[in-house]
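Student:
In the working numbering, the protein residues as written are 188 to 495.
1. At 3 residues or longer, and completely inside the stretch 198 to 284: list those beta strand (DSSP E) runs for me, N to C.
2. With which residues is residue 414 paired in a DSSP beta bridge?
3. For residue 437, which three-state DSSP category applies?
4. For the putative contact between residue 399 and residue 348, defined by C-beta atoms under 8 Å, what is the C-beta separation to the nearest angstrom?
5. Pull up the distance between the alpha-carbon of residue 468 and that of residue 333, whole angstroms please.
6. With distances taken from CA atoms, which of 461, 404, 232 is nearest residue 269?
7. Look up residue 341 in the DSSP assignment and give the residues it is bridged to.
8. Taking 6 Å as the limit between beta carbons, can you name the residues of its chain near residue 215, skipping five residues before and five after?
9. Apart from the five residues on each side of it in sequence, which residues of its chain come closer than 8 Å, Cβ to Cβ, to residue 265?
10. So, for residue 462: in the same chain, excluding its five sequence neighbours on each side, which residues have a beta-carbon less than 8 Å away from its beta-carbon?
11. Can you tell me where the beta strand (DSSP E) with residue 395 in it begins and where it stops?
12. What three-state label does DSSP hand residue 482 in the structure shown?
13. Between the C-alpha atoms of residue 492 and residue 197, what's the straight-line distance to the nearest angstrom?
14. Can you tell me which residues form a DSSP beta bridge with residue 330?
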């Protein structure tokens, strides 16, 4: 494996320390094995998170292809035990806000070019350069667990969530389990979901981690100071509220986290109801992964949502 890392990634002096830990001139490396969609999706998710320069994540180096298997190579992280929820809330909000800031920068640049269109020092390449995205989705398939998620670019959050998150999970469950109750509830659920998300028609897409339960973030030391770090992402450009579904499902968050987050991204009316939709998505995903142990929680959430 050390020779493949040197040849395919371009790192030097690679040595195997353990089965999934290497050493190199870039420091210690971590190998994560998985299907092609999983490792490519995580690689591109880490690149997107890293590019925001808002919160730490493992540095992605690339993918090793060997005998039909795939391995993601990232920097190795030494974790600390004590979490700083307040700092994590602030940094996550900054990541969620980054795309909106980029879109605002595009608008300012467009206005500047329009007003100063006769100026010789504004080139066509500068005039046409755009950053950020106005659509919901992602440029590759990502995996939440082992199952792929459709990320086709979509103009509205309502359409993206129903078509590329909620419906694929329900369709898979009905096909696998032939669950009559889920089938009967599904069309009513889609109608209710559209109504609940109608008020988010003007929300800007945010880069989200996508699977940010408590086991997918921790603390590490950077420049001598403790810093939050997020890993194992399943990213997309989504409504930032989507991030809170998996967090609510597995323990929630602290008041310090919420206070710092809301200083950057204010809570919108009806957020708690919408977060139940996103918690439902993850329950359905777990039902698809682990079987009927998640059926009751999924059906109960559907019934609760339909009462809104």
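Glycine included, C-beta positions come from ideal geometry on N, C-alpha and C.
Tutor: Inspection of the coordinates gives the following:
1. 202 to 205, 208 to 210, 216 to 221, 247 to 253, 256 to 262
2. 407
3. coil
4. The Cβ separation is near 17 Å, so there is no contact.
5. 15 Å
6. 404
7. 323
8. 263
9. 407, 408
10. 428, 431, 432, 435
11. 393 to 395
12. helix
13. 51 Å
14. 335
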